[in-house]
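One structure is given below, encoded as structure tokens.
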Amino acid sequence: MRLFSRALLLALPALVSSKAILGVDMGSLYMKVALVQRGAPLEIVTNFHSKRKTENMILFDAGTRFYGADASSLLARKPLKTPVQMSLMLGRDEDHPCVATLGERHFPVTPKFNETRNGLSLSVDNQDYTPEELVAMVLHHSKDMAQTYIGELGKDAKAAPADCVLTVPAFFTVHERRALLDAASLADLNVLGLLEENTAAALHYAMDKQFPEDQIFVFYNMGGTAVQVSVVKLHNYNMTSGLSSKPKTVGALEVLSKAWDATLGGQSFDHRIVEYLADEFNAKWDKQRNDGKKKDVRTVPRAMTKIRLQANKVKHVLSANMEIPIFMDSLHDDCALSTLMTRAKLEELCVDLIERATKPVYQALEYANITLSDVHGIEMIGGGMRIPRIQTDLKKALNDIELGMHINADESMALGAAFHGANLSTAFRVRHVGLLDVNPFPIRITLKELETEEQKKGLFGGGGKKKKDDGEEVWGKNATILKAFGKLGVKKTIAFTHDKDIHCALDYEEAETLPEGTPLGIDRFNITGVEDFAKEMEEKNLGKPKVALQFQLTDSGLTKLLKAEATVEEMYTVEEEVEVDDDEADDEASNATNTKEEEADADAKTEDAEDKKEEEATADEVNATEANETDTDANATSEKADEKPVKKKKKKTITQTKEKKRVHKRALTVKTYNVGKVQPYSAELLAESKAKLQALAKKDKERVLLEEAKNKVESYVYHIKNKLVDDEENIGKVSTEEQRAEVLKLAEDAEEWMYEDGSTADLATTEDKYAEISVPAEKIFNRVKEMTARPEAVVAMKGRLTKVGELMTKWETTMPQVTEEERGEVLKLVDDVTAWIKEKEEAQSKVEAHEDPAFTSAEVPIQIKPIEVLVAKLKRKPKPKPPKKNETDANATDTNSTNATDAEETNSTEAKDADSENETADEPAEGEAKEDGEKEEAEADPEEGESKKDDEL
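Read in full-length UniProt numbering, the sequence shown has 923 at position 923, and its numbers run on one by one without any break.
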């Protein structure tokens, strides 16, 4: 079976409404959005500048927001108003290594901890924003892009797609993932799932492939801020679906391990170039000033932003060239930067970074417990992998394994996420690809008795039993419930016997795989209801309850407490009366009878066997009739032999004692809260942030409308000027010199207004300005159009009216069901329209060419609408039914029949002759009637067809 490079999506028949799912790859530098629609292949959404990737940044200016390329173009001029890399701040505090690098790399907008929010916030344009709010803005922008893109494809785009799958780095813990979901909620997105970046790329790689043998691939991803490595096993397996019972071979991928360096990426190399260029500029700057003071350009945000942008260009050029001259005129303080950068110099500056780039590969292989000999190939993704030295050293570290680049390094993650969303949604049926991901972080549970309503956060013992001051042992337990690199989507149940309310702590374990700076605490649960339930059971003389806590690690890498329940088993006995067979009285007789019957059956079987052999031996000598009779007799004998009298057994009732189990269940009350410095969004904060974003969205909409209104004024000004020149002859026929001068003056004044007062005008003022210049100009332009359109409309209308009159004349013969009064009503309407045309033409003849017309071409077709409605109604009037059989012929037939009967009573022979004559006389008449009828129908059909053509007005 041929496999297509694109997965064609087929809509389920039961679903009618159109659906679309987004796959959003929230990279640290760029955002890529993939779209999957019913009946269409996977595709990348292009942004408003027709680009396939969008800069992940927002610029705030005068209360309005600019995204992507619009923000990037102003970044060098307004760096303090443009926060970047917001996704790195989600769920983290200011001391996290990934957040700390933002300040180290001289980004002008850095986050600070907000005590009110219990999380980070950034101050931009005199307004504080949380990372969740900023990421929500970018996600909402992706929705707008998708909606516009769908509309450009000619499909229904009344509402932006809401369903999506978001990609996350492999080192995102529960804290970062929950913060990303909060941001998606602010953007009104329905997140079907979170998918790790490398897993999404692997899914896109395996989407249209099959693997007869197990193959292990390494996916190496160097992005803008991190390196991620995943070891993935690709294989086939057979599955059956509800549509067919026949097994189908499909591909599957299983993630074996993953490793990363969360602070090493393409920007790490940019930063080394930035530091080098800053030192070069400082040396030249100090020499130019010659004031004996040491100054550092690193303290100047605008200059450092320009250097950072230049460094990124230098890195890209050196990926394909050996050197690049650098010149930045008037970088700062009228001092220019001029130097030469070579690839060798870049590699010298980044020696330690290049060494770090290969370490995650070895770690991932070690975690997967495999060697390089087990690896079938390596796939390179991410923009940072284009650095030549990275590829050279990586190939050397992998024993010269060919570095594969079979998927799009930038877009594969977004495409894989969209494909995963189609698999998760019920609105699509796609080619199935199995997916099994793992969680690299071990998670443990700690249990202790709930002493008070509010526990001191994070103060838990090591588990087991400890002693209180009075020597009484303190109850407590702990255990690892989720090991490192365990499967996602699993459920774990912890069961134990206890009679007190419980405090449960869910934490990460200290492990090599846990990212630096990650708080250990995940969730805290106060579980109540155990003690009350235990007392109730004690009153019933039952034992301690058994408490069961069921946890889930979802496919998105989130932890949940699904169920908390206490149970007590109670064993009890009951006496039941049951009806059984009374076999004791008849045991002896029954045994004897059975023995005789069995012996008789055995003898009968022996005799039947012997008879059968004899019949088979003489089968050729017996004719078919005798054989059939023998078979019939044999069957009858066999049926009689099988009929045996069935003796009905006697029944009796006895009393039995049975032991049964009763389970007492109680659903426990769970209160969940979080610990740690950074807290997830509360319901109140969520509502507050949504209101803030809605206010910003309203301002953005007003800005867009204002820009459209200004563009409308500007374009109409040029339209007036061009029209007055290009159509000068016709305009001269329908306007005076004063009118043309007035219109031109209004256009020139509006052009000056745009560059003066119009630059700060509001929406209402701009719309008024458009009306001021368009109303007099449109009057002239419409008169030019009507100069030819109006006579043409009148001629066409007169022709249609003539056709209606001819049709009414024809209907006198072809449509007798239409009465003369009805035809007269149609003709009266025709006369009315004819009179209206005559009246308007007379009025128009009295109007000067430069004046407003008496009527327009648009008014003419409207006049015939009542006529069309009435004619259509009359056309639907049914034809009269054909007349019944001629009554004279029927009477003659009855008379002949009566005479024939009378004649039969006197002379049978004459009666027969009379009957024969009557029949002979009747048959031709009947035959002629049929022929005449056929001829009438044949003549009516073409006339009816011709009539239908004539009825079209």
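Glycine residues also receive a C-beta, built at the ideal position from the N, C-alpha and C atoms.
Fair warning: this is a prediction, and the values are worked out from it, not measured in the lab.
- A Cβ-Cβ contact shorter than 7 Å links His-332 with Val-300.
- Collapsing the DSSP output to three states places His-719 in a helix.
- Beta bridge pairing from DSSP links Phe-217 with Val-232, Gly-377.
- For Phe-533, the enclosing alpha helix (DSSP H) stretches over residues 530 to 539.
- With distances taken between CA atoms, Ser-268 lies nearest to Ser-28 out of Asp-286, Ser-28, Ala-796.
- As DSSP reads the structure, Cys-335 sits in a beta bridge with His-332.
- Distance from the Cα of Val-174 is smallest, within the candidate group Val-717, Lys-733, Lys-665, Ser-556, for Ser-556.
- The beta-carbon separation of Leu-349 and Tyr-276, rounded to 6 Å, stays under the 8 Å limit for a contact.
- Taken atom to atom, the span from the alpha-carbon of Glu-411 to that of Gly-383 is near 10 Å.
- DSSP, read as helix, strand or coil, puts His-316 in helix.
- Boundaries of the alpha helix (DSSP H) harbouring Tyr-770: 763 to 814, taken from the DSSP string.
- DSSP lists Thr-249 as the bridge partner or partners of Asn-238.
- Per the Cβ contact rule, the segment 195 to 208 is not in contact with the segment 313 to 333 (fewer than 3 Cβ pairs under 8 Å).
- Our two residues, Ala-320 and Arg-289, have alpha carbons roughly 37 Å apart in a direct line.
- By the neighbour-count criterion, in which 16 or more other beta carbons inside 10 Å mark a residue as buried, Lys-112 falls on the exposed side.
- The straight-line gap separating the alpha-carbon atoms of Asp-532 and Ala-505 is approximately 22 Å.
- Rounded to whole angstroms, Asp-329 and Leu-706 show a C-alpha spacing of 36 Å.
- For Gly-543, no alpha helix (DSSP H) segment is defined, and its DSSP state is neither H nor E.
- Residue burial is scored here from C-beta neighbours: Thr-101 has at least 16 other C-beta atoms within 10 angstroms and is therefore classed as buried.
- Look at Met-405 here: in three-state DSSP terms it is coil, with no helix or strand label.
- Under the 10 Å beta carbon count, Lys-294 is surrounded by fewer than 16 other beta carbons and is classified as exposed.
- Collapsing the DSSP output to three states places Ala-20 in a strand.
- The beta-carbon separation of Val-135 and Ala-183, rounded to 4 Å, stays under the 8 Å limit for a contact.
- Considering only Ala-479, Asp-125, Pro-108, Lys-491, the residue with the shortest C-alpha distance to Thr-64 is Asp-125.
- Looking at the backbone, the Cα of Phe-485 and that of Val-274 are separated by about 38 Å.
- Taking the Cβ atoms as the reference, Val-847 lies roughly 15 Å from Ile-780, outside the contact range of under 8 Å.
- Rounded to whole angstroms, the gap between the alpha carbons of Val-45 and Lys-53 is 8 Å.
- Comparing C-alpha distances from Met-815 to each of Glu-708, Lys-881, Leu-346 shows the shortest one belongs to Lys-881.
- With respect to Ile-445, Ile-481 sits close: the two C-beta atoms are nearer than 7 Å.
- From the listed residues Ala-418, Val-99, Asp-61, the smallest Cα separation to Leu-166 is found for Ala-418.
- According to the DSSP secondary-structure assignment, Lys-294 is paired through a beta bridge with no residue.
- Under the three-state reduction of DSSP output, Phe-60 falls in the strand class.
- Judged by DSSP in its simplified three-state form, Asn-423 adopts helix.
- Selection Ala-170, His-140, Asn-190 evaluated against Cys-164 yields Asn-190 as nearest (Cα-Cα).
- Closest by C-alpha distance to Lys-540, out of Leu-561, Tyr-572, Thr-528, is Tyr-572.
- Less than 7 Å divides the Cβ of Leu-120 from the Cβ of Pro-131.
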